[in-house]
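Written below as structure tokens is the structure these notes are about.
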Amino acid sequence: MFYTEPLKNLKKHTLKFLHSSPIFVLRGMKVLLGSVFFSSFFSPLFAAENPNLNPVLKFFKLGQSEYTTLNPANQLGKEVLDLYSLFAWVGIGVFCVVALIFIVVVYRFRETKHPKAKDLRGNFLLEMFWTTVPIVILIVIAIPTIQIIFKIAEVPVSSSDGFSLASGKQKIYPEYLEVNVIGHQWWWEFEYIAIHKWQADQNKDTVQSLHRVTSSEAYFPVGVPVKVNLVSEDVIHSFWLPRVMGKTDAMPGQVNQSTLVFETAGLYKGECALYCGASHALMRFNVVVVDQKTFQDWLNWGSGDMVLTTESAKRGAVVAQTCVACHTMKGVKDYVPRSERLEQAKIAYEENVKLYEAGEKAYKEKMAQENKKVWERQMREDPSMPAIPVKPSQFGGELATIGPDLTDIQFKKFVVSGIKQNTRENLINWIKNPPSIKPEISGTLTVRMPAYEHVLDNQSIEDVVEFLSTVKYSKSDFVAPVLIPLYPTPNQK
Amino acid sequence: MSEIVLSKDQAVHGKGLAKSYSKSSWLSWLVTVDHKRIGILYFWSAFVFLLIGGLEALLIRTQLFLPENTFLVGKSFNQMFTMHGTTMVFLAVMPLNAAYFNYIIPLQIGARDVAFPRLNAFTFWIFLFGGLFMHFSYIIGHVPDTAWTGYANLTSKAYLPSLGGDFWTMGIQVLGLSTLVASFNFVVTILNMRAPGMTLMRMPLFTWTSLVTQVLIILSFPVVSVALAMLLLDRVFQTNFFNPAFGGDVLMWQHLFWVFGHPEVYILALPVMGYVSEILATFSKKSLFGYSVMIVSASCIGFLGFSVWAHHMFTVGMGPWANAVFSAGTMTIAIPTGVKVFNWLFTMWGGSIRMTSAWLYSVGFILMFTIGGITGVMHASPPIDFQQHDTYFVVGHFHYVLIGGSVMGLFAAIFYWFPKMFGRLLNETLGKWQFVFLFIGMNVTFMSFHFVGVEGMPRRYYYYQESDGWTFWNQVATIGAYIQASAFVIFLYNLIITFKKPKGAEADPWDSRTLEWSVASVPPEYNFYKIPQVEAVDDFWYKKQKYGAKQAIELPKGNEVVHLPSPSWLPFLSSLALGLLPIGVTCYAYTHSYSYLLISVVGFVAFLLLAIKWAFTPVE
Chain A
1 MFYTEPLKNL
11 KKHTLKFLHS
21 SPIFVLRGMK
31 VLLGSVFFSS
41 FFSPLFAAEN
51 PNLNPVLKFF
61 KLGQSEYTTL
71 NPANQLGKEV
81 LDLYSLFAWV
91 GIGVFCVVAL
101 IFIVVVYRFR
111 ETKHPKAKDL
121 RGNFLLEMFW
131 TTVPIVILIV
141 IAIPTIQIIF
151 KIAEVPVSSS
161 DGFSLASGKQ
171 KIYPEYLEVN
181 VIGHQWWWEF
191 EYIAIHKWQA
201 DQNKDTVQSL
211 HRVTSSEAYF
221 PVGVPVKVNL
231 VSEDVIHSFW
241 LPRVMGKTDA
251 MPGQVNQSTL
261 VFETAGLYKG
271 ECALYCGASH
281 ALMRFNVVVV
291 DQKTFQDWLN
301 WGSGDMVLTT
311 ESAKRGAVVA
321 QTCVACHTMK
331 GVKDYVPRSE
341 RLEQAKIAYE
351 ENVKLYEAGE
361 KAYKEKMAQE
371 NKKVWERQMR
381 EDPSMPAIPV
391 KPSQFGGELA
401 TIGPDLTDIQ
411 FKKFVVSGIK
421 QNTRENLINW
431 IKNPPSIKPE
441 ISGTLTVRMP
451 AYEHVLDNQS
461 IEDVVEFLST
471 VKYSKSDFVA
481 PVLIPLYPTP
491 NQK
Chain B
1 MSEIVLSKDQ
11 AVHGKGLAKS
21 YSKSSWLSWL
31 VTVDHKRIGI
41 LYFWSAFVFL
51 LIGGLEALLI
61 RTQLFLPENT
71 FLVGKSFNQM
81 FTMHGTTMVF
91 LAVMPLNAAY
101 FNYIIPLQIG
111 ARDVAFPRLN
121 AFTFWIFLFG
131 GLFMHFSYII
141 GHVPDTAWTG
151 YANLTSKAYL
161 PSLGGDFWTM
171 GIQVLGLSTL
181 VASFNFVVTI
191 LNMRAPGMTL
201 MRMPLFTWTS
211 LVTQVLIILS
221 FPVVSVALAM
231 LLLDRVFQTN
241 FFNPAFGGDV
251 LMWQHLFWVF
261 GHPEVYILAL
271 PVMGYVSEIL
281 ATFSKKSLFG
291 YSVMIVSASC
301 IGFLGFSVWA
311 HHMFTVGMGP
321 WANAVFSAGT
331 MTIAIPTGVK
341 VFNWLFTMWG
351 GSIRMTSAWL
361 YSVGFILMFT
371 IGGITGVMHA
381 SPPIDFQQHD
391 TYFVVGHFHY
401 VLIGGSVMGL
411 FAAIFYWFPK
421 MFGRLLNETL
431 GKWQFVFLFI
441 GMNVTFMSFH
451 FVGVEGMPRR
461 YYYYQESDGW
471 TFWNQVATIG
481 AYIQASAFVI
491 FLYNLIITFK
501 KPKGAEADPW
511 DSRTLEWSVA
521 SVPPEYNFYK
531 IPQVEAVDDF
541 WYKKQKYGAK
551 QAIELPKGNE
561 VVHLPSPSWL
571 PFLSSLALGL
581 LPIGVTCYAY
591 THSYSYLLIS
601 VVGFVAFLLL
611 AIKWAFTPVE
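So the protein sequences, as listed, match chains A and B.
At position 447 of the first sequence (counting the first as 1) the number is 447 in the numbering used here, and the numbers step up by one without a gap.
At position 565 of the second sequence (counting the first as 1) the number is 565 in the numbering used here, and the numbers step up by one without a gap.
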């Protein structure tokens, strides 16, 4: 005995055509088109070595960006992409099953075709089935997941005849490079620490210290693992080279380690991948991978005395004295490595502690003479008291370099944190008015560099750009390699 | 106490309120303790915030339509995505769910009101205050730009000095208080005030998923309150919880936030699963498939949701073992979710499906939530997540589960329960067109997000260049956003023409299964004159089969005398008093003058006095 009265009212409120069969064709088509559209983004499973050739990806304009995750440049990256394809296939399968059941159910049991409902309340076997099958599927996709988790976490360790990326894969490397990657608001700094070489006869790791720093465009050698120590000077950033490795966060207060392996030479684009303030979107970087010889030449850049050939460059070198209030540059103001700055800061801290305690003592004696109570807050806020010394740590902002190192700026393909082509015009515009490029909105910090168009005249700015672009060093010999971009893209301005 | 026989549809109040406001006056809304009115207040407030959040989204998409666009750059853009996320999560979806908790749960369990009616009103007013407080930041120009996740140490005063961060911190603190207090109310109501005969295993599924949701709220909101308190102390009172230079730890914020944040997304999704379960059963003319399995799986999702928070933190360097454990846990949640999806599909098996707008939204929910769940399982794998985290792929994932999931489910609930709440049925034709636009727009936008994420575009980028290769899909996504906006325009038009119709919906327009349909549409203030004796699950349906519709539905006769809790000024005044706390702290943060903290002290003392008066004022 069914309660059917409301149905009559209901018909007024539903579209008549929904009760006729053609809608199922439409609905089925909708789900089908949806499946096609949806499954297209799983198309990495068709990825060949060069996704440029894959018509499916090309149709959906995927795999074209230089930041794409669909064109990994090393073995581990390819394994990760294969894992993604596995998940994608599984995902498509699950969605197709769900969509199929949906289409069948809606077609068969629509009101016009099936007016009497059967009160089916459950089925134990079905419940068992669709609980255990997903468990099995998840186990199947979890196993390679966990294997690759551990592979990615590898850092070079000494083994019997070289450095291996631990976890049993037998690729042995004779050396690896260690680099500190420091995130700043809003640029990346690369401090080259050491090359670790395996001395077979002495059975140990010899460490050859390096003294090289650069920013936004780093050179790495091909075929040599690069161990990066990621840290930040201010807020959390995330270091991401999509074609090379997954991202790892650079945090203040913690050093994260990761290993980069470059198997092919070329230019790799990277970006900051964690919201870090107003100019988060403008914090790009590039990695140029070159052969060993070029890399050694690049490492060597800056050794020797500055050699300036034109008058403009010589005038520019004088102007650059203002720049090094914040920037560093070989020959004008040398960069001091972090570890040394930490040592200096620790010494300064000890002295500051002594100063502070002396001042505290003097204040308390003064209060005692005037028969007044010492209020801690008042003492701290008294302008005559020395500042409370800040304990330096390797993560502290007080160790920060304020501006990027400019020694090798002439070789960079991109300047201004990797967002502008390295042309004279771009450099001049940047120096004149940084906030017009890394936009200044009142009340927040977007870029720390002031606008020099109000401080220097045009000639001085052109001179300093000439200086930066043509400076040579007496013992350095480096020629920037010709870099072919991954895919031809419209010119950046 | 005198009892007055009033005309049909009015209830008697005791001496609680000296002057009884007529139900049609706007003042009566300020003093109401009726769960139905509070539900309607939540509904309209949340709806307005939903539109504001949508506008913020359109601004974001407009900026990202062109490379190197200058429409909305830098900090302004960051403010937009912060407010969009915060508004949608805390001020739109959660209160819309709260509207249905308020309106529907007492009706579904056969109760006359919730356990603590005045507290219920208080939670609404404090929510409204929190929302207005946060949006006051627009008026003074210090809009939060912390991102809705507010990661330390970007949110410290040194890096985000504007008052926006303080508005955000205190605003969410207040909203969290509202939700937390309400959750206790609903747990007590569901456990204690069910009609006789309604065992837990005879409760409607919406009440069940709400119960699980409230438990999740009780366990997770205190964590974010603690985190926000620490952040507030850092920002305003120079403590160093999250300042690594003085020994603090930025990772601690992330852990605390995500221990809250992950259950939060289940809080957003579980009630919606409840709506969908009921709507599918109604429009298939049969009961839900696997009732007890659905309850167990909802509880599993809730329980397991507490063990997976660090899957938001795979890239912070916790190490491979931690990543592996959280990865396994996250994949496990896919199992009860998948079970639910199949149970919904089989609910319709053997039934007789009526394809109303509410039904359309429910099946849209199933399909879109499945897609969102699939991409979620992809994120569960750290190697894949290292490439997808903080890219538009994640944004695509959570918009599938939030818009394709929660919002579609909410629209299903809106269309389904509209006659009950407002006495009129929404226009079905417009509802279906709205669905078409929302479905198409949603897929166009968020599938494009997946594409552009795979191409390497990170989140929270206001700027990209033509050479990045992201232009095409960004433009497609913006077009999709405007298509979705037109769906909302259609809905607004639907609302307008519906409210022009007179109230006249019958008690049970959909031939439904649960108790709320057994009373008049727009129920009388007392809900049930005679508390029903519950005999089975889907009791109303059972009664309709057994006794016929006329007996099963209870319409007011006109001579009922029912004693209900009196309206009271206490909830409204208490929330005003409590609202002075953040105002005082904000003034202090702006001026650094201690005298402004007096405002907070005054507010707190007033709140205490009102609370004491409240505690000693019996509900009459």
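Beta carbons: idealized from backbone N, C-alpha and C, even for Gly.
Out of the options, which one is the CA nearest neighbour of residue i?
i	options	result
S512 (chain B)	B:G396, B:T356, B:T282, B:I371	B:T282
V339 (chain B)	B:M408, B:C300, B:S593, B:I353	B:C300
T347 (chain B)	A:V104, A:L468, A:E178	A:V104
F411 (chain B)	B:A298, B:I279, B:G423	B:I279
V416 (chain A)	A:T401, A:G122, A:K438	A:K438
Y478 (chain B)	B:W168, B:F129, B:A57	Note that residue 478 (chain B) corresponds to Thr in the displayed sequence, not to Tyr. Closest by alpha carbon: B:A57.
Q388 (chain B)	B:V48, B:M313, B:Q465, B:L64	B:M313
V223 (chain B)	B:L256, B:M203, B:T239	B:L256
W614 (chain B)	B:S595, B:Y594, B:L573, B:A589	B:L573
T32 (chain B)	B:H592, B:P565, B:S277, B:L576	B:P565
F184 (chain B)	B:F116, B:W417, B:I553, B:G396	B:F116
A358 (chain A)	A:A250, A:A387, A:Q369, A:V287	A:A387
T131 (chain A)	B:M88, B:P320, B:V226, B:I333	B:I333
G246 (chain A)	A:L100, A:F478, A:N71	A:N71
T375 (chain B)	B:F122, B:T391, B:G396	B:G396
Q63 (chain B)	B:T514, B:V602, B:Y361, B:R460	B:R460
DSSP on residue i, reduced to helix/strand/coil?
i	result
Y159 (chain B)	coil
N97 (chain B)	helix
E271 (chain A)	strand
R424 (chain B)	coil
M379 (chain A)	helix
G150 (chain B)	coil
I512 (chain A)	Nothing can be reported for residue 512 (chain A): it is not among the residues displayed for chain A, which extend from 1 to 493.
G431 (chain B)	helix
A606 (chain B)	helix
Q202 (chain A)	coil
L483 (chain A)	coil
S474 (chain A)	coil
V585 (chain B)	helix
S158 (chain A)	strand
M367 (chain A)	helix
H450 (chain B)	helix
Q147 (chain A)	helix
Assuming residue i contacts residue j (C-beta within less than 8 Å), just tell me the rounded distance between them.
i	j	result
T209 (chain B)	I190 (chain B)	The Cβ separation is near 11 Å, so there is no contact.
G404 (chain B)	F342 (chain B)	Wrong, their Cβ atoms sit about 18 Å apart, outside the cutoff.
A481 (chain B)	F437 (chain B)	Incorrect: roughly 12 Å between the Cβ atoms, too far for contact.
L426 (chain B)	T498 (chain B)	5 Å
V250 (chain B)	G253 (chain A)	6 Å
A520 (chain B)	P556 (chain B)	6 Å
To which residues does DSSP link residue i through a beta bridge?
i	result
T328 (chain A)	A:D405
N78 (chain B)	Paired residue(s): none; N78 (chain B) is not in a bridge.
I182 (chain A)	A:E189, A:V231
A250 (chain A)	A:H237
I172 (chain A)	A:S164
I414 (chain B)	Beta-bridge pairing links I414 (chain B) to no other residue.
ask   = Which whole runs of the beta strand (DSSP E) in the region 280-346 of chain B are 3 residues long or more, in chain order?
value = none
task = Any chance you could list the alpha helix (DSSP H) runs of at least 4 consecutive residues sitting entirely within the region 346-397 of chain B, in chain order?
result = 357-379, 382-388
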